[in-house]
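Numbered according to the working numbering, the sequence shown terminates at residue 215, and the numbering increases by one at each position without gaps.
We put the CB at the ideal spot given by N, CA and C, even for glycine.
Just so you know, these numbers come straight off a predicted model, no measurement behind them.
Worksheet: one structure, shown below.
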Amino acid sequence: MLERYRLDEIALIVASLTTPHISNDSNIGQPFVTAKNLNWLALDGDIHQLPKINDTKCAKVPAKTIILAKNDVGQAKKYIFQCEQEVYIANDLVAIIPNESIILSDYLYFFLHWYQPTSDWTRLHHIMLDIPTMEVQANIAQLLKTSQLLLKNKHTLLAVVEELPLHIQNIAKQTEQHTSHLNYGFDRLQTFYQVALHKIFTGELYQMKP
């Protein structure tokens, strides 16, 4: 069973009004996220390395907030970051704070990755979502997170296998076969991940007969 909502019915959309001047060695308060370091964060940067502030004039958003750069919306390459702690945001960012009694932050995060907003950020509230039960959302989010984590670690896992002949004799041929199988498996997983996103968020998954 799906329920249709507009994004601003299930999430608070926040844009900061001020950007403070801070030194690079600032280390008090909460991390301060800007569009510049959002790109770095979205590519697995460490949020604890960001400058920290304690400024009541800036927008402070809670953990599980999803952040986009204003200028990225509508661009070919978009960076979307899900906060695991409270942060301050600059005025070049948009924060989407989900109402987790209706939609899980993880589920909304994957939806936005699939949806890739193409309009002006001020029109984000017009986005329509068809939302399943909380239990289904949790199961879907877990499946997608596991797939994403495996894909993210593809090169590390392959490198480990390829280095085995350096430590164990007479397994070069087996290692080559395992590497080939792993590459094939990762290609299949990437395809599965993209197909799953499409079927889930277009509602096609829920129309399929058991």
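**Request:** Measure the C-alpha to C-alpha separation of H3 and L154 and round it to an integer number of angstroms.
**Result:** Outside the shown range of the chain, which is 6 to 215, sits residue 3, and nothing can be said about it.
**Prompt:** At a cut of 8 Å, does the segment 131-138 reach the segment 90-103 through at least three beta carbon pairs?
**Reply:** no
**Message:** DSSP three-state label for Y93, please.
**Reply:** Translated into positions along the sequence shown, residue 93 becomes position 88. Note: Y93 maps to strand in three-state DSSP.
**Message:** Once the 5 residues before and after C88 are set aside, which same chain residues still bring their CB inside 7 Å of it?
**Reply:** Reading the sequence shown from its first residue, position 83 is the one you call residue 88. So the qualifying residues of the chain are V66, A68, K69, T70, I72.
**Prompt:** For the 8 Å Cβ check, are there 3 or more pairs between the segment 120-136 and the segment 148-164?
**Reply:** no
**Request:** Have a look at N29 and L187 and give me their C-alpha separation to the nearest angstrom.
**Result:** The residue you call residue 29 lines up with position 24 of the sequence shown. The residue you call residue 187 lines up with position 182 of the sequence shown. Model confidence at N29 stands at a pLDDT of 49, short of 50, so the residue's coordinates are unreliable and nothing is read from them.
**Asked** Does the distance from the CB of L109 to the CB of Q142 come in under 8 Å?
**Response** Numbered from its first residue, the sequence shown carries residue 109 at position 104. Numbered from its first residue, the sequence shown carries residue 142 at position 137. Their beta carbons are under 8 Å apart, which means L109 touches Q142 by this criterion.
**Prompt:** Would you call M6 buried or exposed, if buried means 16 or more other Cβ atoms sit within 10 Å of its Cβ?
**Reply:** Position 1 of the sequence shown, counted from the first residue, corresponds to residue 6. M6 should be labelled exposed.
**Asked** Whose CA, out of Y198, K75, M133, lies closest to the CA of E8?
**Response** Counting from one through the sequence shown, the residue named residue 8 turns up at place 3. It is M133 whose Cα lies nearest to the Cα of E8.
**Request:** Pull up the CB-CB distance for I85 and L117, whole angstroms please, since I reckon it's below 8 Å.
**Result:** Locating residue 85 in the sequence shown gives position 80, where the first residue counts as 1. Locating residue 117 in the sequence shown gives position 112, where the first residue counts as 1. Contact flag correct, Cβ pair sits at about 5 Å.
**Message:** The beta strand (DSSP E) that contains Y84, what's its start and end?
**Reply:** The residue labelled residue 84 in the question sits at position 79 within the sequence shown. First-last for Y84: undefined, no H or E at that position.
**Prompt:** Are the beta-carbon atoms of N16 and A95 separated by less than 8 Å?
**Reply:** Working through the sequence shown from its first residue, we reach residue 16 at position 11. Working through the sequence shown from its first residue, we reach residue 95 at position 90. Correcting the residue identity first, residue 16 is Ala in this sequence and not Asn. Their beta carbons are not under 8 Å apart, which means A16 does not touch A95 by this criterion.
**Prompt:** To the nearest angstrom, how far is it from the Cα of L210 to the Cα of L202?
**Reply:** On the sequence shown, residue 210 is found 205 positions in, with the first residue counted as 1. On the sequence shown, residue 202 is found 197 positions in, with the first residue counted as 1. One C-alpha to the other measures close to 10 Å.
**Message:** Beta-carbon within less than 8 Å of Y198's beta-carbon, same chain only, minus the 5 sequence neighbours each way: which residues are those?
**Reply:** As a working mapping, residue 198 is identified with position 193 in the sequence shown. The residues are L149, S152, Q153, L156.
**Message:** Under DSSP, the beta strand (DSSP E) around D135 begins and ends at which residues?
**Reply:** Residue numbering aside, residue 135 sits at position 130 when the sequence shown is read from its first letter. It spans 133-136 - the beta strand (DSSP E) in which D135 sits, taken as one unbroken run.
**Message:** Within 10 Å of its beta-carbon, does V200 have 16 or more other beta-carbons around it, so buried, or fewer, so exposed?
**Reply:** Start at 1 with the first residue of the sequence shown, and residue 200 comes out as number 195. Exposed, because fewer than 16 other Cβ atoms sit within 10 Å of the Cβ of V200.
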